[in-house]
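Chains as they are written, first to last, in my numbering: chain A, 1 to 176; chain B, 177 to 352.
The following block contains the structure:
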């Protein structure tokens, strides 16, 4: 596969086999996550790895679009406790989203499948996830990533559309 | 290079040669961007490609950490005009951040360098970028990505830290 191809091979996988992940695979996913850029290199992230069946059931009950069976969930959280008030609200969502995208791409590269289930800023979901996983105040769950061996295949794709691009070639922002 | 390695090879590149990018390269970056996942597949993104020297100078004047010379800038924007009010504020930053990370990784895979300069939610930066690029209300610039041929080399890295991970293996969320 061309080095860039698996950006297009990353698809939202929602069906998984029962096979569990190895510690090495999980560590690789987290190494990829923490290779993401962050504003002012503040790295405002925490990662909760959930493999306990009861906790996975708890997550499934909470998430409206996260009812699937997966052997592992990674909950990406923003930790705002150690960040100065002035900047804490600014960029943590962006930083943690970049880390999330790295996890999804690393999963694809490892032959795994994954799906990003949104949590923040839906207050009811945040509260329920916090309670289920015993997450302290000041740490906010951004999402739940289910990951496992895929039990479905999807073709590579981009959803590229020239309508979304503006430049000297494609059109002027005035036409946005 | 191992398929996953260039996640670690992506570094924030802030020095560029004068060599311009081809249309094919820019299109590939945008195809990668629009291969990102988005909540409910709403794809709330627009991309402004800036190669005009005067506009690039304008961006440099505005961005506190974006003073570098680059032959190209891609401004990733959220377009909230066509999205229902109820959901418009929820996930666009996350969606556009995932698209941004894909651009950075695709640039790395193409042998280019790139850096993510934050704009939203800093109101003064948003306003100045909007004015300089003639971006209409309802479309919000999230960031400016400078991209070009790298004139500096940085080693691959992760900033993995076990302190940021909580699981049966690494520690309990109670200890977060």
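Even glycine gets a Cβ: it sits at the ideal position worked out from N, Cα and C.
Next item on the list: Select from A:153, A:151, A:98 the residue whose C-alpha is nearest the C-alpha of residue 143 of chain A.
Entry: A:98
Next item on the list: Could you confirm whether any beta carbon from chain B is found closer than 8 Å to the beta carbon of residue 119 of chain A?
Entry: no
Next item on the list: Determine the direct distance from the alpha carbon of residue 205 of chain B to that of residue 83 of chain A, and round the result to whole angstroms.
Entry: 32 Å
Note to self: Rounded to whole angstroms, what is the Cα-Cα separation between residue 10 of chain A and residue 241 of chain B?
What the structure shows: 32 Å
Margin query: With a threshold of 7 Å on Cβ separation, who are the neighbours of residue 184 of chain B within its own chain once the five nearest residues in sequence on each side are excluded?
Written below: 332, 333, 334
Item checked: Partners in chain A for residue 268 of chain B, counting only beta-carbon separations shorter than 8 Å -> Those do not exist, as residue 268 of chain B stays about 10 Å from chain A at its closest Cβ, beyond 8 Å.
Margin query: Under 8 Å: do the region 14-34 of chain A and the region 145-152 of chain A share three or more Cβ pairs, one atom per stretch?
Written below: yes
Notebook entry, point to check: With respect to 7 Å, is the separation between the Cβ of residue 291 of chain B and the closest non-hydrogen atom of the ligand HEM below this value?
Noted result: Because no ligand of any kind appears in the structure shown, any question about the ligand HEM cannot be addressed here.
Check: In chain order, which continuous runs of the alpha helix (DSSP H) of length 4 or greater are located wholly inside the region 237-300 of chain B?
Finding: 261-264, 268-285
Item checked: Burial state of residue 338 of chain B, where buried means 16 or more other Cβ atoms lie within 10 Å -> exposed
Next item on the list: Quick one: which residues of the region 216-227 of chain B get their C-beta closer than 9 Å to a C-beta of chain A? List them in chain order.
Entry: 216, 217, 219, 221, 222, 223, 224, 225, 226, 227
Item checked: Where residue 286 of chain B meets chain A, residues with beta-carbon distance less than 9 Å -> 3, 4
Notebook entry, point to check: residue 103 of chain A and residue 285 of chain B: beta carbons closer than 8 Å?
Noted result: no
Checklist line | CB-CB length for residue 232 of chain B against residue 249 of chain B, believed under 8 Å | finding: 6 Å
Margin query: Quick check on residue 219 of chain B: buried or exposed, where buried means 16 or more other Cβ atoms within 10 Å of its Cβ?
Written below: buried
Margin query: Within the continuous alpha helix (DSSP H) that includes residue 7 of chain A, where are the two ends?
Written below: 5-9
Note to self: Quick check on the DSSP output: the beta strand (DSSP E) that includes residue 321 of chain B runs from which residue to which?
What the structure shows: 315-324
Check: For residue 224 of chain B, which residues does DSSP report across the bridge?
Finding: A:166, B:251
Check: Starting from residue 207 of chain B and walking both ways along the alpha helix (DSSP H), at which residues does that stretch end?
Finding: 199-209
Next item on the list: For residue 243 of chain B, collect the residues of the same chain with a Cβ closer than 8 Å to its Cβ; drop the 5 residues on either side in sequence, then sort them by chain order.
Entry: 236
Margin query: Out of B:216, B:202, B:310, B:293, which one is the CA nearest neighbour of residue 90 of chain A?
Written below: B:293
Notebook entry, point to check: Who are the neighbours of residue 31 of chain A on chain B, taking C-beta pairs under 8 Å?
Noted result: 184, 334, 336
Check: How many angstroms separate the CA atom of residue 126 of chain A from the CA atom of residue 197 of chain B?
Finding: 43 Å
Note to self: Give me the residue from B:289, B:255, B:313 with the minimum Cα distance to residue 245 of chain B.
What the structure shows: B:289
Check: Short check: CB of residue 307 of chain B to CB of residue 255 of chain B, under 8 Å?
Finding: no
Check: Does residue 34 of chain A get closer than 8 Å to chain B when you measure Cβ to Cβ?
Finding: yes
Next item on the list: Examine chain B for any beta-carbon lying closer than 8 Å to the beta-carbon of residue 82 of chain A, and answer yes or no.
Entry: no
Margin query: Contact criterion: CB-CB distance below 8 Å. Does residue 71 of chain A meet it with respect to chain B?
Written below: no
Check: Using a C-beta cutoff of 8 Å, does residue 166 of chain A count as contacting chain B?
Finding: yes
Note to self: Please confirm whether residue 201 of chain B has its beta-carbon closer than 8 Å to some beta-carbon of chain A.
What the structure shows: no
Checklist line | Contact set for residue 120 of chain A: own chain, Cβ-Cβ below 6 Å, skip 5 residues either direction | finding: 126, 140, 142
Item checked: Bridge partner(s) assigned by DSSP for residue 16 of chain A -> A:150
Check: For residue 326 of chain B and chain A, any beta-carbon pair shorter than 8 Å?
Finding: no
Item checked: Integer Cβ distance of residue 13 of chain A from residue 49 of chain A, believed to fall under 8 Å -> Residue 13 of chain A to residue 49 of chain A, Cβ: 18 Å. No contact.
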